[in-house]
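So the protein lines, in turn, are chains A and B.
Heads up, the first sequence is in our numbering, so the first residue is 1033 and it goes up one at a time.
Heads up, the second sequence is in our numbering, so the first residue is 1033 and it goes up one at a time.
Each remark here refers to the structure printed beneath this line.
2 protein chains.
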Amino acid sequence: MSGTQLIKLRPISEIANELGLLPEEVEHYGPYKAKITLDVLARLDTPRARYILVTGINPTPFGEGKTTVSVGLGQAFGRLGLRSIVTVRQSSMGPVFGTKGAGAGGGAAQLHPFPDLALHFTGDLHAVTTAHNLLAALIDNALYHDTLPLDPRTITWPRVIDLNDRALRQLIVGLGETTRTVRATRFDITPASEVMAILALARDYRDLRQRLGQIVVGRTWQGQVVTAEDLGGAGAMAALLVDALKPNLVQTSEGTAAFVHTGPFGNIATGASSVVADLVAVRLADVVVTEAGFGTDLGAEKFFHLKCRASGLAPHAAVLVASVRALKVQGGKSVRDIETGGEDLAALEAGLPNLFKHLENLRTFGVPAVVAINQFPTDTPREIERLAQAAREAGACDVAVVEVFTCGGEGGLELARAVLRAAQEPPAFRPVYELDWPLERKVEAVARTLYGAGAVRFSPAAKRQLDDLVRLGYDRLPICMAKTAQSLSADPNLLGRPEDFTVEVRELRLFAGAGYIVVLLGDIQTMPGLGRHPRAAHIDIDEHGRILGVS
Amino acid sequence: MSGTQLIKLRPISEIANELGLLPEEVEHYGPYKAKITLDVLARLDTPRARYILVTGINPTPFGEGKTTVSVGLGQAFGRLGLRSIVTVRQSSMGPVFGTKGAGAGGGAAQLHPFPDLALHFTGDLHAVTTAHNLLAALIDNALYHDTLPLDPRTITWPRVIDLNDRALRQLIVGLGETTRTVRATRFDITPASEVMAILALARDYRDLRQRLGQIVVGRTWQGQVVTAEDLGGAGAMAALLVDALKPNLVQTSEGTAAFVHTGPFGNIATGASSVVADLVAVRLADVVVTEAGFGTDLGAEKFFHLKCRASGLAPHAAVLVASVRALKVQGGKSVRDIETGGEDLAALEAGLPNLFKHLENLRTFGVPAVVAINQFPTDTPREIERLAQAAREAGACDVAVVEVFTCGGEGGLELARAVLRAAQEPPAFRPVYELDWPLERKVEAVARTLYGAGAVRFSPAAKRQLDDLVRLGYDRLPICMAKTAQSLSADPNLLGRPEDFTVEVRELRLFAGAGYIVVLLGDIQTMPGLGRHPRAAHIDIDEHGRILGVS
Chain A
1033 MSGTQLIKLR PISEIANELG LLPEEVEHYG PYKAKITLDV LARLDTPRAR YILVTGINPT
1093 PFGEGKTTVS VGLGQAFGRL GLRSIVTVRQ SSMGPVFGTK GAGAGGGAAQ LHPFPDLALH
1153 FTGDLHAVTT AHNLLAALID NALYHDTLPL DPRTITWPRV IDLNDRALRQ LIVGLGETTR
1213 TVRATRFDIT PASEVMAILA LARDYRDLRQ RLGQIVVGRT WQGQVVTAED LGGAGAMAAL
1273 LVDALKPNLV QTSEGTAAFV HTGPFGNIAT GASSVVADLV AVRLADVVVT EAGFGTDLGA
1333 EKFFHLKCRA SGLAPHAAVL VASVRALKVQ GGKSVRDIET GGEDLAALEA GLPNLFKHLE
1393 NLRTFGVPAV VAINQFPTDT PREIERLAQA AREAGACDVA VVEVFTCGGE GGLELARAVL
1453 RAAQEPPAFR PVYELDWPLE RKVEAVARTL YGAGAVRFSP AAKRQLDDLV RLGYDRLPIC
1513 MAKTAQSLSA DPNLLGRPED FTVEVRELRL FAGAGYIVVL LGDIQTMPGL GRHPRAAHID
1573 IDEHGRILGV S
Chain B
1033 MSGTQLIKLR PISEIANELG LLPEEVEHYG PYKAKITLDV LARLDTPRAR YILVTGINPT
1093 PFGEGKTTVS VGLGQAFGRL GLRSIVTVRQ SSMGPVFGTK GAGAGGGAAQ LHPFPDLALH
1153 FTGDLHAVTT AHNLLAALID NALYHDTLPL DPRTITWPRV IDLNDRALRQ LIVGLGETTR
1213 TVRATRFDIT PASEVMAILA LARDYRDLRQ RLGQIVVGRT WQGQVVTAED LGGAGAMAAL
1273 LVDALKPNLV QTSEGTAAFV HTGPFGNIAT GASSVVADLV AVRLADVVVT EAGFGTDLGA
1333 EKFFHLKCRA SGLAPHAAVL VASVRALKVQ GGKSVRDIET GGEDLAALEA GLPNLFKHLE
1393 NLRTFGVPAV VAINQFPTDT PREIERLAQA AREAGACDVA VVEVFTCGGE GGLELARAVL
1453 RAAQEPPAFR PVYELDWPLE RKVEAVARTL YGAGAVRFSP AAKRQLDDLV RLGYDRLPIC
1513 MAKTAQSLSA DPNLLGRPED FTVEVRELRL FAGAGYIVVL LGDIQTMPGL GRHPRAAHID
1573 IDEHGRILGV S
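Structure below.
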C-alpha cells in the first residue's frame, strides 16, 4: 500500500470486475491488492483456460528472466484480446534485505504494486511463520509439561522467520527451565516451512486442515509418529491460515491480472505458486500463465509430479525460456568473457545440449514446448538465428524471440501466438513415475530420465530412513527432489548436458502434511545469511512514508 | 476478514464516511477493517474533540471491564448524537492461544470484526516483529563479519515473536559459525518490543524514522552506544512500519467507530494505544474515549507522562472504572468468598481506600474524574449506593452506574452525560515530574505521590546504571515504571491502599528510541509461557474457512 510507483496503476476492483469476480468474492487490501475468496471455486466449477507452464534451462548467474517472460506473456495475451492471468509465487523478505532483491519481473513486464509485493504484501508469509511457530511452541510446551511421550531427539520441526538470519541456523533453546526443555534446534527461512508447502498444495479449507493435522514433528519413545493433530495444534494453525489460502490479485505493468500467491522453497518444496490460485485462475481466464522455478529437472519436475497431482490440472503447453548468454555459460564460458566477448557461436553451440535435454524432458512429460529466446542487447542476429534453428531441430513446436523487458506485452506477441498454436490439443501430460512404485524406483526414474544420471546410490543413512518410511507406511507418497538448480546433475559444476554421472541420495525427510518425501541429493541451506553489506542499509522512507531503495 | 459474527456489521466505508474521511484517506482491508492514512493530519490540523481517558482501580482476578466500559461509553455518546471514536490497543496473539483470550470488550459492548482483531488483524504486530528481528539479524551479522566494534556482552536487543513460547526465554544462538557469533540471548513477546513502544509514541513518519535510528542495542568496546542507525537498520525498519503506523478503523457492537492501534506492554511500555490514532481521532470526532491499561498508578501515569507528552494532547476528563466485587478483593476478601457471599458492606468498605487513592491521583494530575460503577448481577442496591456515595465524598465529579455489557450504549447513557458535564473546561493537566529533574527525583515523585510509598531505594546495580545513563546524557528522558499492576505498591500482595512501604529499584533499562528509561521495580516476565492445556487446542476452522473457538 506504500509504494513509490512510477506507472499509473489501475484500481484492483476494475481488474477483478473484468475477470468476472463478484464484489463479495473480492477482499480489498488497499486500492491495488485484493484477496479472492474461495467461494469462487464453488460458483464456477469448470476450468476453461488454456494453462501454460513457463520453465527454463538451468539457471545461470545472468538470470534467464523467467518471471519477466511470464509477466510479459500474460500482457501479450491481453493485447490479443484474451482474458489472461499470470500466476507466480511470492518472494521472501530475506533477499530483500540481503543481496538478491525481490523477484517480481522487471522493466515493462513487472508486477505491481511494488515494493508492497516485496515486503509484507497481504501478510501471507507472516501467517505461515506464525502458524509454523505456534506448532513449535506447542512441541516445547509438551516437553515442559510432559504431556506427550515425545522423544526430544527425534523432533524435526524447526522454527521459522522470514529474514536472512545466520545466527538462528543452530541454537539451543529452553535454557533456564527444566532440563527436559533444553535442546538443539534451528530456524529456517519461512519459504522452507512445511506449512508454506502445505498452503501451496492445498485445494481448499478441508484439504488444508487435513494436511496440517498430518504434519509429523517427531516420534514417541516407542517410535510412533507424533503429528500436529496429536499436539492439538492443527486447528489453530488452520485458523491462522484462513486468509492466507485466498489468492492475492495484483496487476502487471500493463494492468493485466496476476495472482501472486505462496512462496515455497524451490528445493525442499515445489517452488511454484499455489494450487488454489491456479484453480481459481483457470475458471476465470481464457489463458493462465504459470511459472515454475528453475529448469525442467527441478521446477517443472515438481510442478508436474507434485503441483499438477494436487490440483488435477495439466498444462496445454510449456514455454522454455532460454537466452544466448545463459547458454554460453552452459557451454563453459565465464560470465566475464561472455559480457566482453561479443559474438561467439562456438560457445553457444557448446551450451545447446542443455537446451536439448530440457526439450527432451518436456517431451517425456507429453507437453508441447515453445522456446522463448529472451533477447539481450549483446546478442547478435546470427546467435539468435542459430539458437532458434537448433531449438526447432531439437523438437520445439515453435521458437519466438521476446523483448518484454523493454517493450512489455508488445515484445511478447510472437511468443503468445506461438503458444496459442502449440496449446490447441487437450493436455496429454504423463508423469515419470507412479505413486505405487517403491521409493527407490521413483528416485531412479527422476534421476535417470530427467537428469540423465547413469546410477543412483543411497547413503547408509538414507537407506535406514527409507526402511523406516516404508515401515510407517509413507512409501506411497510422491518425492520432492532437493538438488542444485545450476546443473542437470546434483553437482553445480557439471554444466551443459552431463551424462553417466552418479547421483547420491544423502538423506530423506518426511513432509507428511505437504504429502511428499524430500530426497536430498546435496547440502541444502534452509537459512540464508546476510552479506557484509546488506541491502537493508540502502532502504529508507521519506517524511510522507514513501519507501525508498527496495528493489 | 474471516470471522464468525453473530451481529450484522456495517461496511467500514460507511463509518469512515460519517467521520468525514475522504475516500483516498481510507485503505480497506476487507469490508470491515481499514487503515487511515496520515494525510488526514495535514488536512485537519486542529483537534476538536473532548478527549476522555478511561482508567481504573487496581485490577483484580475479576476483571473490571475497562475495555467494555470504554466501548460502551463510545456507543453511549453515539446514542446522544455525538460523533464518537473509541481508541484502544490491539491484543497480542500470545494470550489467544494461551489462556487469557483477546481483550476486545464483551457482550453488547465489543469490538468487531472478531476474531480478526484477535489474530493477524491488519498485520501491524507482524510488521513490528519483522522490523525488530531485522535489527537483531543485523547485529549478529555485524558480529559475524566483524564490521562494528560491538562488545557482544553489552547487547541488550532481544528477538521477538508474537506467541507465548517459554522455550525462547533463554537461548544460545550463532552455533556452528565462528565463535564470535555464539552468544546468549532471548525472545520477548512482540508487545514488549521497543519497536512497538516507538510505533505507539511516534507522531508521524519523521518522528518514527528518528526514534528508530536512536534505538541503542549495545556498546562498543570503548563504552559508546551503538544505535540502529549505526547498524544501517533504521531506514529498513521504518520501511517495514509504514503501514503499521496508520491507525486501524473498526467498529463496536453498535457500529460506533473505534481505532484499534498498537499494543505496547503495560509494564516496560505505555500499555496504551497509539499517539497517532488519538491525533487522528481528536480531529475527526466530537468526543474521543481512550483507554489506558491498569490503574492510575501504572496505566494512567504512563498515559500522562509518556503518551500525553508525546502527543501534546491532554484529557478533558477521566473515567475511573470500579466494581463492587473488585473493591471487595481490595478489601481483602477472596474471590471465592465474594462469589458466594452475597451482600458484604464491610468488605466493600475495607476496599474503598484503593478507590480513594486513584481519585486522589487523578486530582494530582489535574483531571476531573467520573467514577463508573460497572454493575454485576451479584451487586446489591445498598452496595452500589455505598460505593457511589463514597466516591462522591472522595471528590469524584460524578458517579454513574453502567450496564454496557448487557445493554450496550443504552447502559452507558448516564455515564456519558456525567462525563460531558465533567469535561466542560479546557484541560488543566499537570505532570508529577519535570523532564529536567534528576532521574532519582523523577522516580521518587511517582513512587511517593502516586503509589504512596514512604521511601525509594536503588539497588547497587541500578545505581551503576543510573550513573552510566547520566554519563551518556540520557538523564533528561522521562521514566517508564515497570511494576505489578495488582497493587499500588510494587508488591502484588499489598492490596487496598498500602502506605509507608519502600519501593526498591532493581534495574534501569534504556529505551532511547521510545524515549524513556524503564525503571524496574520487580521481576518483569517479557515472554509468557503456555499452560498445560493451551486454548489453541480448542480453535479450529470449518470447511468454509470459518474460524471457531477464538475468544
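Even for Gly, the Cβ is constructed at its ideal location relative to N, Cα and C.
Asked: Can you give the Cα-Cα distance for B:Val-1227 and B:Asn-1299, rounded to whole angstroms?; Found: 15 Å
Asked: Are any of the Cβ atoms in chain B nearer than 8 Å to that of A:Leu-1380?; Found: no
Asked: Since B:Arg-1243 and B:Ala-1546 should fall inside the 8 Å C-beta cutoff, what is the C-beta to C-beta distance between them, to a whole number of angstroms?; Found: 7 Å
Asked: Three-state secondary structure (DSSP) at B:Val-1475?; Found: helix
Asked: Using only the alpha-carbon positions, how far apart do B:Phe-1408 and B:Leu-1520 sit?; Found: 24 Å
Asked: Mind pulling the alpha helix (DSSP H) runs of 4 or more residues that sit fully within the stretch 1058-1111 of chain B?; Found: 1071-1075 and 1098-1111
Asked: At least one CB of chain A closer than 8 Å to the CB of B:His-1152: is that the case?; Found: yes
Asked: Given a cut-off of 8 Å, decide if A:Leu-1207 and B:Leu-1076 are closer than it, judged by their beta-carbon atoms.; Found: no
Asked: In angstroms, rounded to a whole number, what distance separates the CA positions of B:Ala-1136 and B:Thr-1099?; Found: 7 Å
Asked: CB A:Ile-1171 to CB A:Leu-1105, shorter than 8 Å?; Found: no
Asked: Using the beta-carbon count (16 or more within 10 Å), is B:Leu-1053 buried or exposed?; Found: buried
Asked: Can you list the residues of chain A that B:Phe-1129 reaches, using a CB-CB cut of under 7 Å?; Found: Leu-1166 and Ala-1268
Asked: Return the residues of the stretch 1257-1287 of chain A that lie within a Cβ-Cβ distance of less than 9 Å from chain B, sorted by chain order.; Found: Leu-1263, Gly-1264, Gly-1265, Ala-1266, Gly-1267, Ala-1268, Met-1269, Ala-1270, Ala-1271, Leu-1272, Leu-1273, Val-1274, Asp-1275, Ala-1276, Leu-1277 and Lys-1278
Asked: Does the beta-carbon distance from A:Ala-1048 to A:Leu-1281 come in below 8 Å?; Found: yes
Asked: From this set, A:Ser-1583, A:Ala-1317 and A:Ala-1174, which residue's C-alpha is nearest B:Asp-1197's C-alpha?; Found: A:Ala-1174
Asked: So which of A:Arg-1453, A:Phe-1533, A:Ala-1455 and A:Met-1513 has the shortest CA-CA distance to A:Ala-1487?; Found: A:Phe-1533
Asked: What does the alpha-carbon distance come out to for the pair A:Glu-1059 and A:Lys-1065?; Found: 9 Å
Asked: Report the option in A:Glu-1575, A:Thr-1558, A:Leu-1580 and A:Gln-1557 whose CA atom is closest to the CA atom of A:Arg-1567.; Found: A:Leu-1580
Asked: Note down, one range per segment and in chain order, each beta strand (DSSP E) of at least 3 residues found wholly within the stretch 1382-1452 of chain A.; Found: 1401-1406 and 1430-1434
Asked: Is the Cβ-Cβ distance between B:Gln-1362 and B:Asn-1386 less than 8 Å?; Found: yes
Asked: In this structure, how does DSSP classify B:Gly-1265 when only helix, strand and coil are distinguished?; Found: coil
Asked: Enumerate in chain order the residues of its own chain whose CB-to-CB distance from B:Ala-1309 is below 6 Å, with the five nearest sequence positions on each side excluded.; Found: Thr-1119, Pro-1279, Phe-1291 and His-1293
Asked: Under 9 Å, CB to CB, which of the residues in the stretch 1174-1186 of chain B have a partner in chain A?; Found: Leu-1175, Tyr-1176, His-1177 and Thr-1179
Asked: Is B:Thr-1119 helix, strand or coil by DSSP?; Found: strand
Asked: What first and last residue would you give for the alpha helix (DSSP H) that runs through B:Met-1228?; Found: 1226-1233
Asked: Report the neighbours of B:Pro-1566 on chain A: residues whose CB is nearer than 8 Å to its CB, in chain order.; Found: Leu-1170, Asn-1173 and Gly-1264
Asked: Any chance you could list the beta strand (DSSP E) runs of at least 3 consecutive residues sitting entirely within the stretch 1169-1248 of chain B, in chain order?; Found: 1191-1193, 1203-1205, 1215-1217 and 1219-1221
Asked: May I have a chain-ordered list of the alpha helix (DSSP H) segments no shorter than 4 residues that lie completely inside the stretch 1448-1523 of chain B?; Found: 1471-1477 and 1492-1503
Asked: Three or more C-beta pairs closer than 8 Å, one from the stretch 1325-1340 of chain B and one from the stretch 1394-1404 of chain B: is that the case here?; Found: yes
Asked: For B:Ala-1289, write down the residues that DSSP places opposite it in a beta bridge.; Found: B:Ile-1117 and B:Gln-1283
Asked: Could you tell me if B:Glu-1323 is buried or exposed, where buried requires 16 or more neighbouring beta carbons within 10 angstroms of its beta carbon?; Found: buried
Asked: Give the residues of chain B in contact with A:Leu-1468, contact being defined as C-beta atoms less than 7 Å apart.; Found: A small fix is needed here, since residue 1468 of chain A is Asp in this sequence, not Leu. What A:Asp-1468 touches in chain B: nothing, since even the nearest Cβ is about 29 Å away.
Asked: Quick one: what does DSSP say A:Ile-1300 is sitting in, helix, strand or coil?; Found: coil
Asked: Establish whether the CB of B:Met-1125 and some CB of chain A are separated by less than 8 Å.; Found: yes
Asked: Output needed in chain order: residues of the stretch 1194-1213 of chain B with a Cβ under 9 Å from some Cβ in chain A.; Found: Asp-1194, Leu-1195, Asn-1196, Asp-1197, Arg-1198, Ala-1199, Leu-1200, Arg-1201, Gln-1202, Leu-1203, Ile-1204, Val-1205, Gly-1206, Leu-1207, Gly-1208, Glu-1209 and Thr-1213
Asked: Please list the segments of the beta strand (DSSP E) lying wholly inside the stretch 1537-1569 of chain A, counting only runs of 3 or more residues, in order along the chain.; Found: 1539-1543 and 1548-1552
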